[in-house]
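Okay, structure first, notes after.
Residue numbers (our numbering): 7 to 256.
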């Protein structure tokens, strides 16, 4: 297996912009942090990402004191009106003149959609390649590393990192074989309640649990509290979209 940090990138360093937190983590995991020239306001990991200029923000007017219900109401209203809940700093992107922009089309609520990015690039005359990362299953998430790596000219690093992650998952599944599987509910939002969708149920299954009220590959949907109360559940994992541990506790 190749060392993920020893293959050679493109002769000319790229100017990368990431509008997706997971993509930013991938960029750094592939040793390309010095080529990241712009990020979204949500890209806060790893800590070195903080030095990178922010080129996208939120159009929401909620504050840190807003309740989950208030945030949901404003997001739902804007989506219903066809408005984007994200903003792009056209001047900052024009100044960076990126070669590669990492975005997504999986969820218009979670991050800037790549369609919005392409429209903005047309306006400012930028010819950057836009790569959309849209995983539905856990292995799709890992495959995104390959997508970014090959787009950035470090395919061997990406292939090695993907192989290492898959080996770790296999090792976990081997270690839990035959153990009882607790029934796990993933909550992606608390008020109103939404289940964890896409790859998150796969993570539960890979870790030895049984996902309830949500299956791998399915989109997150709103749940009713009566349905939750009537379901046999051993563990509830609260993973509110867009929040870290401190925000989830609050």
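Beta carbons are placed, not taken as given, at the ideal position from N, Cα and C, and that holds for glycine. All figures in this text were calculated on a predicted structure; none of them were measured in a lab.
According to DSSP, is residue 135 part of a helix, a strand, or is it coil? Your numbering for residue 135 matches position 129 in the chain shown. Here residue 135 sits in strand by DSSP.
Assigned secondary structure, residue 4 (DSSP; H/G/I helix, E/B strand, else coil): Here the chain covers residues 7 to 256 and nothing more, so residue 4 does not appear.
Rounded C-alpha distance that separates residue 202 from residue 78: Your numbering for residue 202 matches position 196 in the chain shown. Your numbering for residue 78 matches position 72 in the chain shown. Residue 78 has its alpha-carbon roughly 16 Å from the corresponding atom of residue 202.
Kindly indicate which three-state DSSP category residue 66 falls into: helix, strand or coil? Here residue 66 is taken as the residue at index 60 of the chain shown, counted from 1. Coil.
Going by DSSP in three states, residue 47 sits in which element: helix, strand or coil? Residue mapping note: residue 47 aligns to position 41 of the chain shown, counting from 1. DSSP places residue 47 outside both helix and strand once states are collapsed to three, so it counts as coil.
Going by other Cβ atoms of all chains shown within 10 Å of its Cβ, with 16 needed for buried, is residue 194 buried or exposed? On the chain shown, position 188 is the one that residue 194 refers to. Label assigned to residue 194: buried.
Can you confirm whether the region 52 to 69 touches the region 174 to 187 when touching is taken to mean that 3 or more C-beta pairs between the two stretches lie within less than 8 Å? No contact exists between the region 174 to 187 and the region 52 to 69.
What's the gap between the Cα of residue 54 and the Cα of residue 31? Taking the chain shown and counting its residues from 1, one reaches residue 54 at position 48. Taking the chain shown and counting its residues from 1, one reaches residue 31 at position 25. One alpha carbon belongs to residue 54, the other to residue 31, and they sit about 10 Å apart.
Closest Cα partner of residue 237 within the set 97, 39, 217, 99: Within the chain shown, numbered from 1, the residue matching residue 237 stands at position 231. Out of 97, 39, 217, 99, 217 has the C-alpha closest to the C-alpha of residue 237.
Beta-carbon gap between residue 163 and residue 26 smaller than 8 Å: Here residue 163 refers to the residue found at position 157 of the chain shown. Here residue 26 refers to the residue found at position 20 of the chain shown. Cβ atoms of residue 163 and residue 26: not closer than 8 Å.
Please return the same chain residues whose Cβ sits closer than 7 Å to the Cβ of residue 12, not counting the five positions on each side in sequence. Taking the first residue of the chain shown as position 1, residue 12 is located at position 6. In this prediction, residue 12 scores a pLDDT of 46, lower than 50, which makes its location untrustworthy; the coordinate-derived value is nonetheless stated afterwards. If we look at residue 12 and ignore the five residues flanking it on each side, it has no Cβ neighbours.
State the DSSP-derived secondary structure class of residue 38, mapped to helix, strand or coil. Numbered from its first residue, the chain shown carries residue 38 at position 32. Coil, per DSSP.
Runs of alpha helix (DSSP H) lying entirely within the region 135 to 213, each at least 4 residues, in chain order: If you keep only unbroken alpha helix (DSSP H) runs of at least 4 residues inside the region 135 to 213, you get 144 to 157, 161 to 182, 206 to 212.
Smallest Cα separation from residue 140: which of 231, 223, 52? Walking along the chain shown from the start, residue 140 turns up at place 134. Nearest of 231, 223, 52 to residue 140, Cα basis: 223.
When we look at the beta-carbon of residue 192 and count the other beta-carbons within 10 Å, is it buried (16 or more) or exposed? On the chain shown, residue 192 is found 186 positions in, with the first residue counted as 1. Classification for residue 192: buried.
CA-to-CA distance, residue 213 to residue 226, given in whole angstroms: Looking up residue 226 in the chain shown gives position 220. Looking up residue 213 in the chain shown gives position 207. Roughly 20 Å between the two C-alpha positions.
With a 10 Å radius around its C-beta and 16 neighbouring C-beta atoms as the bar for buried, classify residue 207 as buried or exposed. Your numbering for residue 207 matches position 201 in the chain shown. Residue 207 comes out buried.
Start and end residues, beta strand (DSSP E) containing residue 109: In the chain shown, residue 109 corresponds to position 103, counting from 1. Per DSSP, the continuous beta strand (DSSP E) segment holding residue 109 begins and ends at 106 to 109.
Go ahead and pull the three-state DSSP assignment for residue 76. Here the question's residue 76 lines up with position 70 in the chain shown. Helix, per DSSP.
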